[in-house]
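Engineer: Here the numbering used here is used: the first residue of the sequence shown is 2, the next is one more, and so on.
C-beta: ideal position from N, C-alpha, C; glycine also.
Every value quoted in this text rests on a predicted model; they were computed, and no experiment measured them.
Here you go, one structure.
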Amino acid sequence: MRLLHTMIRVGNLERSLQFYCDVLGMHLLRKKDYPSGEFTLAYVGYGDESETAVLELTYNWGTDHYELGNGYGHIAIGVEDIYSTCEAIKARGGKVVREPGPMKHGSTVIAFVEDPDGYKIELIQMGSLQEQGAAPERTAAASA
């Protein structure tokens, strides 16, 4: 077994694709409209779906806002240089909501950004994970 994708609902698909592709550097892997169900699915990620988990963006036609609730935490992305990644995200119009620095009660270097719908995305400095003893094959290998 392996994790295939995580789905989030978005209120404006083009705005979300711009954020995930242009700001975070993901690639649009596939997109399909379902007219009879009045929704569109778009899959974005850093690699081929046959090799890595991806993000499914679900746009329900006519719905422009969702309540995030209190059950959602965040999506995590591993990066090679968290400081330059955050600067690049800001330069591309992205919103950094927690600047890079050590996590509370640990030394892993993290930052948080927020997508246009308010979903939080954690950025994790890859080297700091390995210093903590995380197995490299179990961490996100994508670089934004």
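Could you give the residue range of the beta strand (DSSP E) that holds Leu124?
Structural biologist: In the sequence shown, residue 124 corresponds to position 123, counting from 1. Lys121 to Gln126 is the span of the beta strand (DSSP E), which, as asked, contains Leu124.
Engineer: Can you confirm whether the region 34–53 touches the region 80–98 when touching is taken to mean that 3 or more C-beta pairs between the two stretches lie within less than 8 Å?
Structural biologist: At 8 Å Cβ cutoff, the stretches do not touch.
Engineer: Threshold first: 3 residues or longer. Then list the beta strand (DSSP E) segments lying entirely within the region 46–120, N to C.
Structural biologist: Qualifying beta strand (DSSP E) stretches, in chain order: 55–61, 76–80, 96–103 and 110–115.
Engineer: In its own chain, which residues sit with a C-beta less than 8 Å from the C-beta of Glu100, not counting the 5 before and 5 after it?
Structural biologist: Within the sequence shown, numbered from 1, the residue matching residue 100 stands at position 99. Contacts found: Cys87 and Ala112.
Engineer: Relative to the C-alpha of Thr64, which candidate in Gly128, Arg10 and Met127 has its C-alpha closest?
Structural biologist: Here residue 64 refers to the residue found at position 63 when the sequence shown is read from its first residue. For the residues Gly128, Arg10 and Met127, the minimum Cα distance to Thr64 belongs to Arg10.
Engineer: One question on the structure: do Gly102 and Val110 come within less than 8 Å of each other, judged by their Cβ atoms?
Structural biologist: To locate residue 102, count along the sequence shown from 1; it is residue 101. To locate residue 110, count along the sequence shown from 1; it is residue 109. Result yes, Cβ atoms of Gly102 and Val110 sit closer than 8 Å.
Engineer: Taking only the alpha-carbon atoms, compute the straight-line gap between Leu5 and Thr53 and give it to the nearest angstrom.
Structural biologist: Sequence index remark: in the sequence shown, residue 5 carries index 4 (1-based). Sequence index remark: in the sequence shown, residue 53 carries index 52 (1-based). Cα to Cα, the separation comes out at about 7 Å.
Engineer: Would you please state the rounded distance, in angstroms, between the beta carbons of Phe20 and Gly95? I believe it to be under 8 Å.
Structural biologist: For the purposes of this step, residue 20 is taken as residue 19 along the sequence shown, with counting starting at 1. For the purposes of this step, residue 95 is taken as residue 94 along the sequence shown, with counting starting at 1. Going by Cβ atoms, the distance from Phe20 to Gly95 rounds to 7 Å, so yes, they are a contact pair.
Engineer: Nearest-angstrom Cα distance between Asn61 and Ile76?
Structural biologist: Start at 1 with the first residue of the sequence shown, and residue 61 comes out as number 60. Start at 1 with the first residue of the sequence shown, and residue 76 comes out as number 75. Straight-line Cα distance between these residues: approximately 21 Å.
Engineer: By alpha-carbon positions, which one of Met127, Lys121 and Leu14 ends up nearest to Asn71?
Structural biologist: One-based indexing of the sequence shown puts residue 71 at position 70. If we check each option's Cα against that of Asn71, Lys121 comes out closest.
Engineer: Name the residue from Pro117, Val97, Met104 and Gly128 whose alpha carbon lies nearest to the alpha carbon of Leu18.
Structural biologist: Numbered from its first residue, the sequence shown carries residue 18 at position 17. Comparing Cα-Cα distances from Leu18 to each of Pro117, Val97, Met104 and Gly128, the minimum goes to Pro117.
Engineer: Measuring CA to CA, which of Val97, Gly107, His106 and His28 is closest to Glu123?
Structural biologist: Sequence index remark: in the sequence shown, residue 123 carries index 122 (1-based). Nearest C-alpha to Glu123: Val97.
Engineer: To the nearest angstrom, how far is the alpha carbon of Val24 from that of Ile90?
Structural biologist: As a position in the sequence shown, residue 24 is number 23, starting the count at 1. As a position in the sequence shown, residue 90 is number 89, starting the count at 1. Taking the straight line joining both Cα atoms gives about 6 Å.
Engineer: Along the chain, where does the alpha helix (DSSP H) containing Arg16 start, and where does it finish?
Structural biologist: Residue mapping note: residue 16 aligns to position 15 of the sequence shown, counting from 1. Looking at the DSSP string, the run of the alpha helix (DSSP H) that includes Arg16 is Leu14 to Leu18.
Engineer: Assuming Arg3 is part of the beta strand (DSSP E), what are its boundary residues?
Structural biologist: On the sequence shown, residue 3 is found 2 positions in, with the first residue counted as 1. Arg3 -> no beta strand (DSSP E), and no H or E assigned at all.
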